[in-house]
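Residue numbers (our numbering): 476 to 913. Just so you know, even glycine gets a beta-carbon here, dropped at the ideal spot from N, CA and C. It should be emphasised that the depicted structure is a prediction, and the values quoted were computed from it without experimental measurement.
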Ligand code: SF4
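Here it is, written out as structure tokens:
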């Protein structure tokens, strides 16, 4: 279905810039694309007029044991010979970034496969985080510190190290509990490893576990998905991310699809699966709080909420994206270049966009509508009207239209998607964003 809310793996990656959306939503003549540095954004964020400092931090570890053919994240097969030099470079970057950090509420270490980092390097990284940042809220149990793990790399030694270093949450990439579907995805773990890994995490005393599942895998039936959900929900978890398989440009799997080597899941089945995930998780006590994310009350991923609410976050490691003092940028997605840079610890950046109030409103629409809590629509209209009354009027009209079509509810100032709108979340958000720029 055109405009279907897609799997965006926000648990792994911060939201993309508006410039990655369809061209008609991104092309404004006054768009700023200067080639600035991360240092400039960070210094702006730490200045006296910058407002609140960043309270979230994303760290990207790019190593994997195998490159899965559907994956478009910056990751590559690790031969373990570059881990030490990478970790030392990462620690220098973290020290540089710390000037723009307030007390840190959330950390998310994604990748790649962060659980492949050698234990002694984890110990050093965790020490650096503790010395460079104020982690008091994480230590007090009100903050959140997540590390992504693949089940086959979890060991008692690793989880004990993570626990001792303050990690409070593990996000585990299960993807499926059926070998044939894991094989289709080129995920290499034995499904039996998932419950064992969850048990190890629990035994180490880490409070929270989230599992990732993928649906709409070629050849997967609704019954197969139901069995995956049963297997996941039997485990002691508080959070589930269940993403529809998407075919990202330039992945090996997309090329195979285009060459006709297999057929994708039929669209009607994708919709049935999406609805089934909502029903099955609700029956198990997990509420959908974002298009692809489900949690027990109070167990929502706070770090990802910071992305979807367009708060500020710092980012370290190759390809990691930051949003700080109105600046958006991405660290260079190339390990060699990342390692070369000796500029006070800051990484070379790409895709920099300076502060732009119109873009920020578009971004709030794009990611906020994915949340069940929706967006502060009245607030956005007022903000937009302060510098472009016509744009505010167009946005108001388009939101009324989406409401008339049964996709959006406008209640008490907030705009939230209906169940039908949720299936079309990206399309509804695009319509509103286009209305903003006319
Ligand atoms: S393990 Fe994850 S990050 Fe690594 S290649 Fe596979 S999907 Fe990508």
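1) Report, in whole angstroms, the separation of the C-beta atoms of residue 705 and residue 653, which I expect to be a contact under 8 Å.
2) Have a look at 871, 640 and 894 and flag the residue whose alpha-carbon is nearest the alpha-carbon of residue 881.
3) Report the three-state DSSP secondary structure of residue 908 (helix, strand or coil).
4) Which class does residue 779 belong to by DSSP, given the choice of helix, strand or coil?
5) Do the stretch 676 to 686 and the stretch 722 to 742 meet, that is, are 3 or more Cβ pairs less than 8 Å apart?
6) Terminal residues of the continuous beta strand (DSSP E) containing residue 578?
7) When DSSP labels each residue in this structure, what does residue 427 get in the three-state scheme?
8) From residue 842 to residue 803, what distance separates their C-alpha atoms?
9) Need the endpoints of the alpha helix (DSSP H) that residue 749 sits in, please.
10) In terms of alpha-carbon separation, which member of 545, 773, 604 and 853 lies closest to residue 534?
11) Kindly give me the distance between the Cβ atoms of residue 788 and residue 513, rounded to whole angstroms, as I take these residues to be in contact under 8 Å.
12) When burial is assigned at 16 or more other CB atoms within 10 Å of the CB, is residue 611 buried or exposed?
13) Let me check you understand the geometry: is the CB of residue 659 closer than 8 Å to at least one non-hydrogen atom of the ligand FAD?
14) Can you tell me whether residue 906 is buried or exposed, with buried defined as 16 or more other CB within 10 angstroms of its CB?
15) Rounded to a whole number of angstroms, what is the C-alpha to C-alpha distance between residue 632 and residue 863?
16) Among 571, 627 and 572, whose alpha-carbon lies nearest the alpha-carbon of residue 590?
17) Looking at the secondary structure, which residues open and close the beta strand (DSSP E) in which residue 615 lies?
18) By Cβ distance, which residues of its chain are closer than 8 Å to residue 888, with the 5 residues on each side in sequence left out?
19) The ligand SF4 and residue 541: does the residue's C-beta get closer than 8 Å to at least one heavy atom of that ligand?
20) Is the CB-CB distance between residue 669 and residue 649 below 9 Å?
21) Suppose the cutoff is 8 Å on Cβ atoms and the five residues either side in sequence are ignored; what does the same chain contact list for residue 856 look like?
22) Alpha carbon to alpha carbon, how far is residue 553 from residue 645?
23) Between the C-alpha atoms of residue 687 and residue 549, what's the straight-line distance to the nearest angstrom?
24) Specify the secondary structure class of residue 548 as computed by DSSP and reduced to three states.
25) One question on the structure: do residue 674 and residue 643 come within less than 9 Å of each other, judged by their Cβ atoms?
26) Find out if the Cβ-Cβ distance for the pair residue 558, residue 592 is shorter than 9 Å.
So, from the listed chains and residues:
1) Rounded, the Cβ-Cβ distance is 12 Å, inconsistent with contact.
2) 894
3) helix
4) In the structure shown, residue 779 falls within a helical segment according to DSSP collapsed to helix, strand and coil.
5) Not touching, per the Cβ criterion.
6) 576 to 586
7) Residue 427 is absent from the structure shown; the chain starts at 476 and stops at 913.
8) Residue 842 and residue 803 have their C-alpha atoms roughly 15 Å apart.
9) 742 to 758
10) Nearest C-alpha to residue 534: 604.
11) About 13 Å separates the two Cβ atoms, so there is no contact after all.
12) exposed
13) No copy of the ligand FAD occurs in the structure displayed; its ligands are the ligand SF4 alone.
14) buried
15) 57 Å
16) For residue 590, the nearest C-alpha among the options comes from 627.
17) Careful: residue 615 lies outside any beta strand (DSSP E) and carries neither H nor E.
18) 851, 852, 853 and 854
19) The answer is yes for residue 541.
20) yes
21) 867, 870 and 871
22) 21 Å
23) 18 Å
24) coil
25) Here residue 674 is not near residue 643, since their CB atoms are 9 Å or more apart.
26) Contact: yes.
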